[in-house]
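In our numbering, the protein residues as written are 10 to 167.
Right, here's the structure in full:
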């Protein structure tokens with residue numbers, strides 16, 4: 010039917026999906042105007058090694074929006090990163106949402122929301138008390154509608 014979005018399902022990514030995860034991550038940075046062609050290529054090579062290792066260990070968990078024909082049109086990952094102990098978090102690993110991307114032709118259809126919800130269910134089912142991310146300006150509204158809030162984190166260039 011014209012005007013209707015193609016049905017999608019959300020599935021977990023595997024190491025075999027590393028190519029699409031890399032393409033989406035590169036496109037995400039390009040959409041944000043981040044990096045030069047040279048720095049993007051270097052980051053992609055490093056990401057490929059890092060992501061392959063963490064996908065295998067389960068410390069990187071990908072969620073993909075897939076059309077009926079198998080085409081991946083959106084995705085995002087949860088990285089289980091080390092966190093220091095403090096009063097709110099006892100320490101250990103915490104889930105961090107990253108590399109969210111939706112193909113331009115499929116934007117505005119709620120795919121990012123579906124991926125964030127799937128990732129949140131996954132993290133909640135494993136007993137994590139908090140979930141973290143750094144949002145782009147384009148993505149901030151998606152997260153805020155789902156109950157995420159801004160924090161006081163800052164950074165400086167060295």
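By construction, the Cβ of each residue, glycine as well, lies at the ideal position given by its N, Cα and C atoms. It should be emphasised that the depicted structure is a prediction, and the values quoted were computed from it without experimental measurement.
The C-alpha of residue 71 lies about 18 Å from the C-alpha of residue 55. Contact check for residue 34 against residue 145 fails: the beta carbons are separated by 7 Å or more. In the displayed model, residue 140 falls within coil according to three-state DSSP, outside both helix and strand. By the Cβ test, the segment 77-87 is not in contact with the segment 38-53, since fewer than three Cβ pairs between them sit closer than 8 Å. Under the three-state reduction of DSSP output, residue 92 falls in the strand class. In the three-state reduction of the DSSP assignment, residue 74 falls in the strand class, which pools E and B. A straight line joining the alpha-carbon of residue 64 with that of residue 167 spans about 30 Å. Contact between residue 87 and residue 128 holds: CB atoms are separated by about 5 Å, below the 8 Å threshold. DSSP places residue 129 outside any beta strand (DSSP E); the residue lies instead in the alpha helix (DSSP H), whose first and last residues are 120-134.
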